[in-house]
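J.: Residue 985 in the numbering used here is what sits at position 27 of the sequence shown, and the numbering runs on without skipping anything.
Starting off with a structure, shown below.
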Amino acid sequence: MSIAELKLRHLHLAVAERVATLTLSRPERKNPLTFESYGELRDLFRDLVHVAEVKAVVLTGAEGNFCSGGDVHDIIGPLTKRDMAGLLDFTRMTGDVVKAMRLCPQPIVAAIDGVCAGAGAILAMAADLRWGTARSKVAFLFTRVGLAGCDMGACAMLPRIIGHGRAAELLYTGRAMSGEEAERWGFYNKLVAPEALLAEATAMAHGLAHGPTFAHAMTKRQLHAEWDMSIEQAIDAEAQAQAICMETEDFKRAYAAFVRKEKPVFEGN
959 MSIAELKLRH LHLAVAERVA TLTLSRPERK NPLTFESYGE LRDLFRDLVH VAEVKAVVLT
1019 GAEGNFCSGG DVHDIIGPLT KRDMAGLLDF TRMTGDVVKA MRLCPQPIVA AIDGVCAGAG
1079 AILAMAADLR WGTARSKVAF LFTRVGLAGC DMGACAMLPR IIGHGRAAEL LYTGRAMSGE
1139 EAERWGFYNK LVAPEALLAE ATAMAHGLAH GPTFAHAMTK RQLHAEWDMS IEQAIDAEAQ
1199 AQAICMETED FKRAYAAFVR KEKPVFEGN
């Protein structure tokens, strides 16, 4: 599949030098999600499995905010009128976005500024790496609207990122986590100035996209799969994964470059 075949109406996608930059683009409302944009996110990350020209993804929001969550008028209002079957259709669809993000082989770098709330915080959580700003606010605010904190995998994933006690506090209270706190707790990998955010996140993605991308995809796969494994199972799975990587041309290129005292040039095969 070519990137040109990916048709998006509610999100902005740009590709340069193996990196796809996906921007949530409703800045007048702080980039909230709609039924349609949820569906496009799900389908895009599913399709990226088949897009060879993209080796890493940057996920960001337009004009100083990441994402304010589900649109109050376009999503929350209509949900109050649905029956249980309709509600399950929605919650399963939103969960499928996270599944697609975790199962696509490309590493995802989230660039987070300003508001990052509700489903927006979930999208950030589901990324592989997170670059943030000091002025950003991350809030899993589901309890603020009478819902449980167990949304889109938050109770499984957030404790693994920041620890059980910290995750429990955020999911019970719905309070906002400051940028400094998010970095200190390990939610952010790095804190940068707002004006440098996209450039630094893109530089990270560019480095990944020009590295051993087959091996990166294997690392992502194992990070996800080993959540449910014992240590013994994980060691066995990693033995198989690493043996597969040792069959790649990139592994041979790296050795040949080492012998020549040169930097390896990886091609992802």
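Each residue gets a CB set at the ideal place from its N, CA and C atoms; glycine is no exception.
From a predicted model like this one, the values you see are computed outputs, not experimental measurements.
Measure the alpha-carbon distance for isoleucine 1080 versus methionine 1110 and round it to whole angstroms.
T.: Each residue's Cα considered, the two are about 7 angstroms apart.
J.: Run through DSSP, which three-state label would histidine 970 get?
T.: strand
J.: Pull up the CB-CB distance for leucine 1061 and valine 1015, whole angstroms please, since I reckon it's below 8 angstroms.
T.: Their Cβ separation, rounded to whole angstroms, is 13 angstroms, which puts leucine 1061 and valine 1015 out of contact at 8 angstroms.
J.: Under three-state DSSP, which class holds cysteine 1108?
T.: Of the three classes helix, strand and coil, the one that applies to cysteine 1108 here is coil, per DSSP.
J.: DSSP on alanine 1043, reduced to helix/strand/coil?
T.: helix
J.: Return yes when at least one heavy atom of the ligand FMN lies under 8 angstroms from the C-beta of glycine 1022, else no.
T.: This structure lacks the ligand FMN, and indeed carries no ligand of any kind.
J.: What's the call for leucine 1105, buried or exposed, on a 16-neighbour Cβ count within 10 Å?
T.: By the 10 Å Cβ count, leucine 1105 comes out exposed.
J.: Comparing C-alpha positions only, which one of Ala1082, Leu1156, Lys1178, Ile1119 sits nearest to glutamate 1196?
T.: Cα-wise, what sits closest to glutamate 1196 is Lys1178.
J.: Closest to aspartate 1029 by CA distance: which of Ala1151, Thr1049, Leu1045, Phe993 is it?
T.: Phe993
J.: Measure the C-alpha to C-alpha separation of phenylalanine 966 and cysteine 1074 and round it to an integer number of angstroms.
T.: In the sequence as displayed, the identity of residue 966 is leucine instead of phenylalanine. Cα to Cα, the separation comes out at about 22 angstroms.
J.: Within 8 angstroms, do at least three Cβ pairs link the segment 998-1006 to the segment 1136-1153?
T.: no
J.: Output the distance between the C-alpha atoms of asparagine 1227 and valine 1056, rounded to the nearest integer angstrom.
T.: Counting only the Cα atoms, valine 1056 lies some 27 angstroms from asparagine 1227.
J.: Using DSSP with H/G/I as helix, E/B as strand and the rest coil, what is cysteine 1265?
T.: Here the chain has residues from 959 to 1227 only, and residue 1265 is not among them.
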